[in-house]
Structures are given as structure tokens and as C-alpha cells.
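Protein chains: 2
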Amino acid sequence: MLKEERFDYILKKLQTDHKVLHTELSNDLQVSEDTVRRDLEVLAQNGLLIKVRGGAIPHSPNPFTFNERIGIHEDDKKAIATKALSFLHDGQTIIMDGGTSTYALVKLFPPSLQLTVVTPSIPIAMQLMEHPGVEVILTGGRIFKSSQVTAGLDTIRMLEKLRADICFMGVCSLHTEVGVTGPHMEEAAVKNVMVQSANKVIALVTSEKMGTAEPYKVCNITAMDTIITDEAGLALASPYRQLGINVI
Amino acid sequence: MLKEERFDYILKKLQTDHKVLHTELSNDLQVSEDTVRRDLEVLAQNGLLIKVRGGAIPHSPNPFTFNERIGIHEDDKKAIATKALSFLHDGQTIIMDGGTSTYALVKLFPPSLQLTVVTPSIPIAMQLMEHPGVEVILTGGRIFKSSQVTAGLDTIRMLEKLRADICFMGVCSLHTEVGVTGPHMEEAAVKNVMVQSANKVIALVTSEKMGTAEPYKVCNITAMDTIITDEAGLALASPYRQLGINVI
DNA sequence: CATTATCTTGCAACTTTCTGCAAAAATATG
DNA sequence: CATATTTTTGCAGAAAGTTGCAAGATAATG
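For the protein sequence lines, the chains are W and X, in the order given.
Letter by letter, the first sequence follows residues 1491 to 1738 in this note's numbering.
Letter by letter, the second sequence follows residues 1491 to 1738 in this note's numbering.
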């Protein structure tokens, strides 16, 4: 049996059962559980399902009703978010980009913090609605369901009129020469305006995204003032430091 | 049974029952109460619910406002929403005002419906993000935490540029002479623009709000084309019918 | 203030996952 | 066609995660 046939079977079963178990698949496909595990690993990496202990569940469109965000790189992101906290002070106006790193950051906001936060991200807006000291401004526009942010002309227009102290940017891909890039044209355009509307740009990026690139350009790497990452070791960080960027 | 299935069950039960108990869940899921407790711990940490002694309650950022109002008069609102459904057809552009009545309506959208929905309401936007056929456009602006809508100049600007087929309006107070009124100036201003930007205005209003008034005026009563209510009896409805408004 | 129910903590049994490795199968090369 | 190389697969032991239990701490209730 070809590996692709197994993939096919797994995805079909997932669609009908809404879950798959290692034990079941091992039996159905007549391969060891290790092979099943490796298959699920591949499928998960291609975003076709979510691996969980004991098997896998479908990729869900809604992170609030489902739990796919639970546990994924959580420690890395929390470490990054903790470092980012020190840049925040009462009275600032902050642009908070969408993404899981920035989401982790707003979850750590101390209750006493007094800020104005402008964001295109619906999860971030929801999170901050509970925060008594934060004024939340949501940029308008069409909602991109996959990333749960607004984007498009209306979003850009609102950001253009803004003057923020800091922009915290959740970065998809970072490369010394190509700069900051993302997978979607419209979201990249929005990020570009964010960069221009803030006095200071801080990128939040997990180390595995450094040195990679995607189709749509956001801005040059020199537009970043600070890069916060989980692994600020010399090898990864020095190319950016040579460009005058603060890497922590 | 996968842990994630338990999470799913707990969240679903929470949505229908508005509470969950350790003892019940332990029985339903066939695991110890300790495991239930640990599950609730995880869900609480991810902001999906609030742990309380003996179980958990839904996560409500604004317990005294929007979320509290969900559930009261639920049957009435569902009846109103069902009537409203017949006005919807594929391809329309709809303005969906904030409020629990309109929220009840979008929850009833059949999966096959193809619409563009413009809304200032974050709960409505979240609900519609899960709907595959609906394009969601969120109006930008400052978030009013009590009602979970955006309002202000940015919101008005986005709505002004719009031409919608129908505006579904969740009405706070309705009076034959005073017209449509609301408790907040900015939200009233937004509603006013919504009325102007739609070809047809349909008010969703529970009967106890008819004949009442609040400080800020939205528009004249004659701006309404149709009023949908749970109690369309002669006594309540006839004053409006005499003004040429369709009451159902 | 005593009683009862609930919560926390540490622990041991158990299950699942990770890691390195070697055999088998598939593919490439001369 | 024989041989070398890569890929795939299964296995075993170590590591990590999950679960239920029990004892002590804490909170609610009359």
C-alpha cells in the first residue's frame, strides 16, 4: 500500500469520524503505530489536521470553540511575549498585529496597564475587551476567516490616519535580504501600513521563522527596530545585529 | 476518548446549559472528577470558560451586559429571528446591527445561504466567521465594551459609503411619536447611518420594548419598513400599521 | 464554630511519544 | 544486472504526558 493511499484513508476517516486514533489506524492500515504517527506528522505539517495525544482531530476554523492553539509552541510564544512586556508603558498607543504571538502578549497584559490598542485582529480585540484599562480600536474591513483579521482598503485607511508609539508585529517570515514577507497580499499590505504608522516597530518571531521568506513583501528588514525571539543566540541574531537591529 | 473530545463536549454543554458541574461531567465523560477539574483548568487558561466552585460557567467578558442579555427572552428572540429569516435571499448585502435579537438571527442562518454581511458587532462577526457562505465585513472604530460593538466616526464613515439591501436593526426602544431611540449617543448615531444606507429597514424588537423611549434618537418611526416582534396582536401593532409599517 | 463539600498537591500506575537503530524495500547508478 | 544509496518501516528503551487516588488545606453553610 502506498503512503499516499494511507494519507487518503486517514483524511477520509477524519472527515467522517471527526477524529482518528493511532490504534485504529494501525489496525485499519496494517502498519505499525509508529508509521501512523509519522503519517499524521506529515499531514499535520501540511495543515491538513491537528495532531493530539492518541491520534488527530480536524483542523477547525474557530480557535475559540476549538483547542488547536492550546499547547502549540506555547512556551516559546510566552517567552517572547514576556520579553515584549517591558516595552509597554501607561498612556501609549499601540498597534497590535494579528497572530498567535501578539495574542500571547495581550493575554499577559497586567490589569493595571493603561493603553490604547489598535488592532485588526478579532481574537485580540475580544481578549482586550475584558481589560478595564485598555481602549480598543478595531480596524474595519473584510474579515479574513483563516487568520481572523480584517484587511483591505478600509483597514489601511484607518491605519494611515494613525500615529502610534509602537507597532508589535507578528511576523510570518523574516530574511536579512528579502525583509519581512507574508503569505497573503492583502494582509501584507495592511502590515506595511502598520509599520509606517508607528514610531517604533517590534517584531515578535519564533526562531524557526527566521531566515525564511514568503511571496508578499511587507517591508525591508531595516524597518524593524527590535526583533524579539525565543532563541537570540549569536548565529541567528548576528546578521540582524549588523544591520543595527536590536535582537533580544 | 481523546482529551479534545472532552473539551468539545464540555464547551458544547456549557453553551446549551450555561453551566457545567464536576459531578455531571465526570459521569457524562466517564472520567474522574480530578480529570474534569484539570480539563476545566486548561479551558479556563485559554479563556474559554470561567472556573467556579463545583464547575464552570461561560466566559463572559461583560457579564452584566451582552452576555447576560443572551438567554433572557430567548424564546421570544428565536421566534422573531425565525420570522426574519424569510427576508433573506442569496446574493444580498445585509447590514446587521448589534444586539441579542440580531445575534439570534445570524445563529439561525442556514449553511447554504450566500450573503455579504456588514456589522459593527463582534459577537455577530465571530458567529459568521464559521459560516462558509457569508462574507463578513466589520466596521472599524472604537469598541464599546458594554455592547461589544464598534462605534464612532470611523464606523459611520464605513457605513456611509455603503448601499445595502436590508438593514436588520436591533431596537432598544420604539415609540410611535418619538421614533427609534437608544441609550448611547454614539451607538444611536451609528444606527442612524445604518438606516440611511439600506434600501429597506427591518426592526427586530421584543414586545416589551414597544412604546418605550430612551435619550438618544436614532430615526423616525416611519424609517422602518417592517417591524418583527413576538407579539403582533392588534393592540400593540395597530398604531404602527396605521403609519404604513408592516408589523409581523 | 462545627460540618460538609470542594480544591490542591504529590504520587504511582499507566499510556503515549520520542529517539536511535537496523532490516527491508525502493530507487539510482555504473 | 549487480551494487550502492536512499527511503521507509518496525522495534526497543527512555522520556514525557495523563489519569485516578489519597491526604491535607480551603472555603461554604447553617
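Positions of the beta carbon are idealized from the N, C-alpha and C atoms, including for glycine.
As the structure is a prediction and not an experimental result, all values here were calculated from the model.
Taking 9 angstroms as the threshold, the shortest C-beta distance from T1506 (chain W) to chain X does not fall below it.
Taking 7 angstroms as the upper bound on Cβ-Cβ separation, chain X lies near residues V1542, R1543, G1544, G1545 of the segment 1531-1545 of chain W. For Q1638 (chain W), the nearest CB of chain X lies under 9 angstroms from its own CB, placing it at the interface with that chain.
Its Cα nearest to that of T1640 (chain X), the residue W:V1608 stands out among W:V1608, W:Y1706, W:T1592, W:I1500. Contact between G1672 (chain W) and E1704 (chain W) holds, with the beta-carbon distance rounding to 6 angstroms and staying under 8 angstroms. Between M1586 (chain X) and chain W, the shortest Cβ-Cβ separation is not below 9 angstroms.
Sequence-distant partners of E1564 (chain X) (beyond 5 residues in either direction) whose C-beta falls short of 8 angstroms from its own C-beta, in its chain, are A1594. Burial check for K1493 (chain W): the Cβ neighbour count within 10 Å stays below 16, so the residue is exposed.
The DSSP assignment places 1706-1709, 1716-1718 as complete runs of the beta strand (DSSP E) inside the segment 1695-1723 of chain W, in order along the chain (cut-off: 3 residues). Close CB contacts of G1642 (chain W) within its chain, under the 7 angstroms cut and outside five residues either way in sequence, are with G1631, R1632, E1676 (chain order). Between the beta-carbon of I1711 (chain X) and that of T1666 (chain X) there is about 6 angstroms, and that keeps the pair under the 8 angstroms contact cut.
L1618 (chain W) is not a Cβ neighbour of L1598 (chain W), given a cutoff of 9 angstroms.
In the three-state DSSP reduction, H1665 (chain W) falls in the strand class (E or B).
Distance from I1718 (chain W) to A1688 (chain W) at the Cβ level is roughly 15 angstroms; contact not present, criterion being Cβ atoms closer than 8 angstroms. As for any alpha helix (DSSP H) of minimum length 4 sitting wholly inside the segment 1636-1687 of chain W, the runs are 1643-1650, 1675-1687, ordered along the chain. With fewer than three CB-CB distances shorter than 8 angstroms, the segment 1531-1540 of chain X does not count as touching the segment 1567-1584 of chain W.
About 14 angstroms separates the beta carbon of M1659 (chain W) from that of M1700 (chain W), a gap too long to meet the 8 angstroms contact definition. Looking only at X:H1512, X:G1537, X:F1577, X:Q1535, the smallest Cα-Cα distance to T1525 (chain X) is reached by X:H1512. By the rule that beta-carbons nearer than 9 angstroms mark a contact, R1527 (chain X) does not touch chain W. Take the alpha-carbon of V1596 (chain W) and the one of M1491 (chain W): they are about 48 angstroms apart.
Remark: C-beta atoms of T1702 (chain W) and D1566 (chain W) do not approach each other more closely than 9 angstroms. Under the Cβ distance rule, A1615 (chain W) counts among the residues neighbouring chain X, one pair being separated by less than 9 angstroms. In the structure shown, V1521 (chain X) falls within a coil segment according to DSSP collapsed to helix, strand and coil.
When 7 angstroms is used as the limit between beta carbons, K1635 (chain X) is near these residues of chain W: M1619, in chain order. V1626 (chain X) belongs to the set of residues whose beta carbon lies under 9 angstroms from a beta carbon in chain W. Its chain contains S1516 as the residues whose beta carbon lies nearer than 7 angstroms to that of S1522 (chain X), once the 5 sequence neighbours on both sides are disregarded; these appear in chain order. Chain order gives the chain X residues near I1612 (chain W) as I1612, A1615, M1616, M1619, L1628, where near means a beta carbon separation below 9 angstroms. Close to D1644 (chain W), with beta-carbon spacing below 7 angstroms, are these residues of chain X in chain order: G1630, M1648. Judged by DSSP secondary structure, I1735 (chain X) falls outside any beta strand (DSSP E); it is assigned neither H nor E.
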